[in-house]
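First the structure, in the form of structure tokens, and then the observations on it.
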Amino acid sequence: MHYLSGLLLFIVFYFIPVIAFGMNKIVYFEPEIVELDGVIKTLKFPGPPNYENIKTGDADETGLYIILHNSIDVNLATNSQIENNEPEKNVKLIQILIQNNNDFKKIKDGNIVHVVGVLSSALTGHHHARILLKVNKIKILSMKKTISKMIYVTDEDKKFLKYQYLQQTGTKSDFMTE
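Take 1082 as the starting number for the sequence shown in the numbering used here and just add one per residue.
This is the structure in structure tokens:
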């Protein structure tokens, strides 16, 4: 009976605050490994030379992003030697970097995926989300296209994206906050 009481207290104090208060899952920058779930979305942003508009001559920087099912907070890892990472709160949109060509070929816009990898902060004009994920493994959970025209991100993600000049790709795609 004492064991069950302890287990019940653990469950209440461990899980209930996240559910009741809507707290984000806390994950850590590299070298820590993270596992995240979400929907793949292909987004197009302008690149060099001006990073403003593809139609006026800027390079097309189309990339893969994951819209997380649940927002996360990203903190510094205690054993990190990397000085460029800055903690970020309320992250839902992550730019993904896929090193394995086979993984890259099998994922499609709208797939629901489970990804494993390491996180870092955006550092250059080629980074169009606050957080980057270098993918070690990716598992497609559903190949059914699940993308709607609306992309739900956090206020913090939307504020960052305001200066990224997302280019429309034929269908109107708006970033909405939850």
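Ideal Cβ placement from N, Cα and C applies to all residues, glycine included.
When you compare the CB positions of residue i and residue j, do they come within less than 8 Å of one another, or not?
| i | j | result |
| --- | --- | --- |
| lysine 1125 | aspartate 1139 | no |
| valine 1194 | isoleucine 1135 | no |
| valine 1199 | isoleucine 1114 | yes |
| serine 1202 | asparagine 1156 | no |
Measuring only the C-alpha atoms, how far is residue i from residue j?
| i | j | result |
| --- | --- | --- |
| lysine 1173 | glycine 1128 | 23 Å |
| proline 1112 | proline 1168 | 14 Å |
| valine 1216 | asparagine 1160 | 20 Å |
| tyrosine 1246 | glutamate 1237 | 16 Å |
Which same chain residues end up closer than 7 Å to residue i when comparing Cβ atoms and leaving out the 5 residues on each side of it in sequence?
| i | result |
| --- | --- |
| phenylalanine 1185 | Ile1179 |
Applying the 10 Å Cβ sphere with the 16-neighbour rule, what's the burial state of residue i?
| i | result |
| --- | --- |
| glutamine 1162 | exposed |
| leucine 1149 | buried |
| histidine 1209 | buried |
| leucine 1204 | exposed |
| isoleucine 1092 | Per-residue confidence for isoleucine 1092 stands at a pLDDT of 48, beneath the threshold of 50, marking its modelled position as unreliable; the derived number appears in the next sentence. Its Cβ having fewer than 16 others within 10 Å, isoleucine 1092 is exposed. |
| isoleucine 1107 | exposed |
| tyrosine 1109 | buried |
Between which residues of its own chain and residue i is the CB-CB distance below 6 Å, once the five residues before and five after are set aside?
| i | result |
| --- | --- |
| threonine 1050 | There is no way to answer for residue 1050, as the model of the chain reaches only from 1082 to 1259. |
If you drop the 5 nearest sequence neighbours on each side, which residues of the same chain put their C-beta closer than 8 Å to that of residue i?
| i | result |
| --- | --- |
| methionine 1224 | Lys1189, Asn1192 |
- Query: Which ranges does the beta strand (DSSP E) cover as unbroken runs of at least 3 residues, wholly within the segment 1182-1239, from first to last along the chain?
  - Reply: Considered as a whole, the segment 1182-1239 harbours 1193-1202, 1212-1223, 1231-1234 as its complete beta strand (DSSP E) runs of no fewer than 3 residues, in chain order.
- Can you give, in chain order, each stretch of the beta strand (DSSP E) that sits fully within the segment 1090-1165 and has at least 3 residues? Qualifying beta strand (DSSP E) stretches, in chain order: 1106-1109, 1115-1127, 1141-1156.
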